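Trainee: With our numbering, letter number 53 in the sequence shown gets 86, and the count goes up by one each step, no holes.
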Amino acid sequence: MQFHLHRKNLEVNTGAFPGAEFETNGEIVELPEPSSVLQIMFRFVYPRRHPDFEDEDFETVIAVAEAAGKYDVFSAMNTCVARLT
34 MQFHLHRKNL EVNTGAFPGA EFETNGEIVE LPEPSSVLQI MFRFVYPRRH PDFEDEDFET
94 VIAVAEAAGK YDVFSAMNTC VARLT
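(1) State the Cα-Cα distance for the pair residue 91 and residue 85, rounded to the nearest angstrom.
(2) Got a sec, what are the start and stop residues for the alpha helix (DSSP H) residue 46 sits in?
(3) Check the C-beta distance from residue 109 over to residue 97 and give it rounded, since I have them as a contact under 8 Å.
(4) Need the endpoints of the alpha helix (DSSP H) that residue 110 sits in, please.
(5) Assuming residue 59 is part of the alpha helix (DSSP H), what are its boundary residues?
(6) In three-state DSSP terms, what is residue 86?
This is the structure in structure tokens:
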């Protein structure tokens, strides 16, 4: 699955993706995480209501927490921790 994300949102809300000042020449970056996990995590990089994980199983929350830690998506990390405690 391809995600069409705004680089500025990634730059501002993560610590692991290059900023908009870097030219990518349309390059597609493949990430090893399942698309279902990335889809949830990427919802945290946009200014809207974030997922609360109420309807997600334990394994999904753990997978999102691991991806969020890897890509420094702090808002997702905080929500995962709150849900798991």
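Ideal Cβ placement from N, Cα and C applies to all residues, glycine included. Predicted, not measured: the structure shown is a model, and the values here were computed from it.
Mentor: Short version:
(1) Counting from 1 along the sequence shown, the entry for residue 91 is found at position 58. Counting from 1 along the sequence shown, the entry for residue 85 is found at position 52. Taking the straight line joining both Cα atoms gives about 13 Å.
(2) Here residue 46 refers to the residue found at position 13 of the sequence shown. Taken as a continuous stretch (DSSP letters only), the alpha helix (DSSP H) holding residue 46 covers 40-46.
(3) What you label residue 109 is simply residue 76 of the sequence shown in a count that begins at 1. What you label residue 97 is simply residue 64 of the sequence shown in a count that begins at 1. Indeed, because the Cβ distance is near 6 Å, the residues count as touching under 8 Å.
(4) Along the sequence shown, one-based indexing puts residue 110 at 77. It spans 107-117 - the alpha helix (DSSP H) in which residue 110 sits, taken as one unbroken run.
(5) For the purposes of this step, residue 59 is taken as residue 26 along the sequence shown, with counting starting at 1. From DSSP, residue 59 is part of no alpha helix (DSSP H); its letter is neither H nor E.
(6) Reading the sequence shown from its first residue, position 53 is the one you call residue 86. Reduced to three states, the DSSP call for residue 86 is coil.
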